[in-house]
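> Under the numbering used here, the first residue of the sequence shown carries the number 598, and numbering increases by one thereafter. No residue lacks a Cβ here, since even glycine has one placed at the ideal position from N, Cα and C. My questions will all concern the structure given below.
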Amino acid sequence: MSKLSVEQQIKDFILTECHQNKVGIASIDRFNSSPKGMHPCDVLPGCQSVIAFCTRVPDGAINATLRAYENNKFNVHGQYALFGYVGSPNYNLLWGNYKAARFVEKLTGEIAVPQTAGPTHGMAMLSMRHLAVAAGLGQFGWNSIVLTPEFGPRNRFGAILTTAKLAADPMMDGPRLCDYKKCHICEKVCPTGAIPPYRPGQERIVDFGEGHIEKYSCINWTKCKLACEGDYKDWNINGDFDLIDPVITNPLNEEFVQTQQWRGKPENVDMHFYQHTTTWKCGNCMQYCPVGRWKERYRDKNISSFDGNQYIDGVPDVSMDVYNGKDNFSNEYE
Ligand code: SF4
Ligand code: SF4
Numbered sequence: 598m599s600k601l602s603v604e605q606q607i608k609d610f611i612l613t614e615c616h617q618n619k620v621g622i623a624s625i626d627r628f629n630s631s632p633k634g635m636h637p638c639d640v641l642p643g644c645q646s647v648i649a650f651c652t653r654v655p656d657g658a659i660n661a662t663l664r665a666y667e668n669n670k671f672n673v674h675g676q677y678a679l680f681g682y683v684g685s686p687n688y689n690l691l692w693g694n695y696k697a698a699r700f701v702e703k704l705t706g707e708i709a710v711p712q713t714a715g716p717t718h719g720m721a722m723l724s725m726r727h728l729a730v731a732a733g734l735g736q737f738g739w740n741s742i743v744l745t746p747e748f749g750p751r752n753r754f755g756a757i758l759t760t761a762k763l764a765a766d767p768m769m770d771g772p773r774l775c776d777y778k779k780c781h782i783c784e785k786v787c788p789t790g791a792i793p794p795y796r797p798g799q800e801r802i803v804d805f806g807e808g809h810i811e812k813y814s815c816i817n818w819t820k821c822k823l824a825c826e827g828d829y830k831d832w833n834i835n836g837d838f839d840l841i842d843p844v845i846t847n848p849l850n851e852e853f854v855q856t857q858q859w860r861g862k863p864e865n866v867d868m869h870f871y872q873h874t875t876t877w878k879c880g881n882c883m884q885y886c887p888v889g890r891w892k893e894r895y896r897d898k899n900i901s902s903f904d905g906n907q908y909i910d911g912v913p914d915v916s917m918d919v920y921n922g923k924d925n926f927s928n929e930y931e
């Protein structure tokens, strides 16, 4: 019999056998303020704990997005789709989820429900971002993506709901990874203006209980779709016309109808991938966020010439990653 606690055995299994980069546990009381239908107990009655974990996005996949936007090499952009967004990370999470859920059930005798990952599913799912923050893996950035000290926003998250009552990990206190009152990088690099500038009182607020409050911007998701689905001529593979007026300021969902009709024609399908539509053609707010040792990973290695200094108030260099998590790297299983 193992001398390790049940929690430690689960974490070790997820980090090694399931090839995940971080893992944490949230107690069910952290979801008391979840919206109706988005509480873990809405999916698993009697859920007591949430085990969340992440797969980091390889720097090589980020390189593909950098080449697309810094060198107009849009023909390599699919590497990001496959290895950084839709494909491999989600399958790593999916398979890890399946193995981990079986392990938790065998170890505890309780129910463990694996959650699906990204577009590899056809059903409703809980917010992996909120589960990850509740389990202490990271904090929200202004871009609404969860930042980890090790990888910034360049992670994908998965989770298991279980009726096993497990000891929770602390939420990530300490220095805020994102100082959105000073840093404006994600707002400024967003091509559609989907990320608003910081205004006091206009943040989205999430209450995890016991004083753990997280804030992030109220993104205009319809504007975000304009870029992510490749509706500008520079960003769709044919590149011969704009699917949507590039200067539109307040797009409505109905205005996407023409683009969906365009994609519906076999000769116009602008992707050759197992997803109903492209959703990976932007990501600027993810690739240029300085948290997670951006400078060391990309600029110092000469794979990005982006200079974020101009978008950070009162900071002489891209040095937002003051809390860069180097001490936490023992958890990293590549
Ligand atoms: S993915 Fe692109 S369009 Fe969407 S919010 Fe981020 S930067 Fe803006
Ligand atoms: S780019 Fe700056 S403001 Fe945006 S999430 Fe990252 S640290 Fe926060």
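Should G880 go down as buried or exposed, given a rule of 16 or more other Cβ atoms within 10 Å for buried?
Burial call: buried.
> Do the CB positions of I757 and P686 come within less than 8 Å of each other?
Cβ distance not < 8 Å, so I757 and P686 don't count as in contact.
> Got a sec? Which residues, its chain only, sit under 7 Å from S624 by beta carbon, not counting five neighbours each side?
Counting only Cβ-Cβ distances below 7 Å, and skipping sequence neighbours, we find S646, A765.
> Would you identify the three-state DSSP class for L744, choosing helix, strand or coil?
Three-state result, L744: strand.
> Give every residue of the same chain whose Cβ lies closer than 6 Å to the Cβ of S901, excluding the five residues on either side of it in the sequence, and list them in chain order.
If we look at S901 and ignore the five residues flanking it on each side, its Cβ neighbours are L663, Y895.
> Is V888 near ligand 2, in the sense that its beta carbon is under 7 Å from a heavy atom of that ligand?
Yes, the Cβ of V888 comes within 7 Å of a heavy atom of ligand 2.
> Would you call the CB atoms of L704 and I607 closer than 8 Å?
Cβ distance < 8 Å, so L704 and I607 count as in contact.
> When you compare each of L641, V803, D656 to V730 by their alpha carbons, which one comes out closest?
When only C-alpha atoms are compared, the closest one is V803.
> Under DSSP, the alpha helix (DSSP H) around P637 begins and ends at which residues?
Where P637 is concerned, the enclosing alpha helix (DSSP H) stretches over 637 to 640.
> What are the uninterrupted segments assigned as alpha helix (DSSP H) that are 4 or more residues long and contained completely in the region 676 to 741, given in chain order?
Complete alpha helix (DSSP H) runs here, min 4: 685 to 705, 725 to 731.
> I'd like to check one pair, M883 with I792: are the Cβ atoms closer than 8 Å?
Not closer than 8 Å, so no.
> List the DSSP bridge partners of V647.
The partner list for V647 (beta bridge, DSSP) reads A623, L758.
> Flag this pair as yes or no: are the beta carbons of W739 and Y777 separated by less than 8 Å?
Yes, these two residues count as a Cβ contact at 8 Å.
> Using a threshold of 8 Å, state whether the C-beta atoms of L690 and A714 are closer than that.
Cβ distance < 8 Å, so L690 and A714 count as in contact.
> Identify whether I607 lies in helix, strand or coil by the three-state DSSP scheme.
DSSP places I607 in helix when its eight states are reduced to three.
> Where does Y666 sit, in a helix, a strand or coil, going by DSSP?
Correct three-state label for Y666: helix.
> If you reduce the DSSP assignment to three classes, tell me which class Y895 lands in.
In this structure, Y895 counts as helix in the three-state DSSP scheme.
> Who does I802 pair with in a DSSP beta bridge?
Beta-bridge pairing links I802 to K812.
> Given a cut-off of 8 Å on the beta-carbon distance, is the pair G621 and A658 in contact?
Not closer than 8 Å, so no.
> If I measure Cβ to Cβ from E784 and keep anything under 6 Å in the same chain, skipping five residues before and after, which residues do I get?
Around E784: I792, P794.
> Identify whether T819 lies in helix, strand or coil by the three-state DSSP scheme.
In this structure, T819 counts as helix in the three-state DSSP scheme.
> For the alpha helix (DSSP H) holding V888, just list the boundary residues, first then last.
Note, V888: premise wrong, no alpha helix (DSSP H); not H, not E.
> Taking the alpha helix (DSSP H) that E784 falls in, what are its first and last residues?
Per DSSP, E784 belongs to the alpha helix (DSSP H) from 782 to 786.
> Assign T613 to one of two classes, buried (16 or more other C-beta atoms within 10 Å of its C-beta) or exposed (fewer than that).
Per the 10 Å Cβ criterion, exposed.
> List the DSSP bridge partners of R751.
Bridge partners of R751: none, in fact.
> Taking just the CA atoms, how far does P797 sit from M598?
Distance between the alpha carbons of M598 and P797: 54 Å.
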